[in-house]
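In our numbering, the protein residues as written are 11 to 170.
Listed below in structure tokens is the structure:
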């Protein structure tokens, strides 16, 4: 068996060059838009949370940014907690709620499909995090089309 001859990595070590930025830091031009769609279940992988962070980053880069929660994506926008709403039953339990709340506080818009909310997941509009705008299921396609017409950056978030 080969022997490892270099010392083991220690807390505080760097394993990669995290400071090198290869591309320019792009900022939005006035009036540019972004849309991040979510058709993914909360806690079913990292993509939902990662793209909430991307939406926040787009907002901070100056894009007029919207989030669309539809299908299972509405599960990202419901109030959660245990034993009471707002309580964290485990570390990271409130990640979605906290990130969406921060995004809205920074000027982002969040829309949730009423059909998915009620018909698929049995929630009413009162289950949504404050600031999320419930929309008609017919609006789901139109919000995407309006962003396409505006030349928006669109990130689609899916899990199967």
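Backbone N, C-alpha and C fix where the C-beta goes; we use that ideal spot for every residue, glycine too.
Could you compute how far the alpha carbon of residue i sits from the alpha carbon of residue j?
i, j, result
"residue 161", "residue 123", "23 Å"
"residue 110", "residue 12", "49 Å"
"residue 150", "residue 22", "45 Å"
"residue 131", "residue 16", "53 Å"
"residue 89", "residue 27", "38 Å"
"residue 127", "residue 170", "19 Å"
"residue 85", "residue 39", "32 Å"
"residue 98", "residue 117", "25 Å"
"residue 92", "residue 101", "12 Å"
"residue 103", "residue 55", "13 Å"
Apart from the five residues on each side of it in sequence, which residues of its chain come closer than 7 Å, Cβ to Cβ, to residue i?
i, result
"residue 168", "49, 50"
"residue 25", "19"
"residue 57", "50, 167, 169"
Can you tell me which of the three DSSP states residue i falls into?
i, result
"residue 157", "helix"
"residue 112", "helix"
"residue 75", "strand"
"residue 166", "strand"
"residue 147", "helix"
"residue 50", "coil"
"residue 120", "strand"
"residue 142", "strand"
"residue 88", "strand"
Quick check on residue i: buried or exposed, where buried means 16 or more other Cβ atoms within 10 Å of its Cβ?
i, result
"residue 143", "exposed"
"residue 36", "exposed"
"residue 120", "buried"
"residue 155", "exposed"
"residue 146", "exposed"
"residue 65", "buried"
"residue 148", "exposed"
"residue 95", "exposed"
Identify, in the order they occur along the chain, each residue of the same chain with its Cβ nearer than 6 Å to the Cβ of residue i, setting aside the five sequence neighbours on each side.
i, result
"residue 59", "105"
By alpha-carbon positions, which one of the options ends up nearest to residue i?
i, options, result
"residue 77", "134, 147, 113, 38", "113"
"residue 68", "45, 97, 127, 166", "45"
"residue 83", "70, 53, 93", "53"
"residue 136", "87, 38, 79, 41", "87"
"residue 141", "31, 152, 108", "108"
"residue 152", "34, 55, 80, 41", "80"
"residue 34", "71, 101, 93", "71"
Give every residue of the same chain whose Cβ lies closer than 8 Å to the Cβ of residue i, excluding the five residues on either side of it in the sequence, and list them in chain order.
i, result
"residue 43", "73, 74, 75, 76, 157, 160, 161, 162, 163"
"residue 61", "46, 48, 165, 167"
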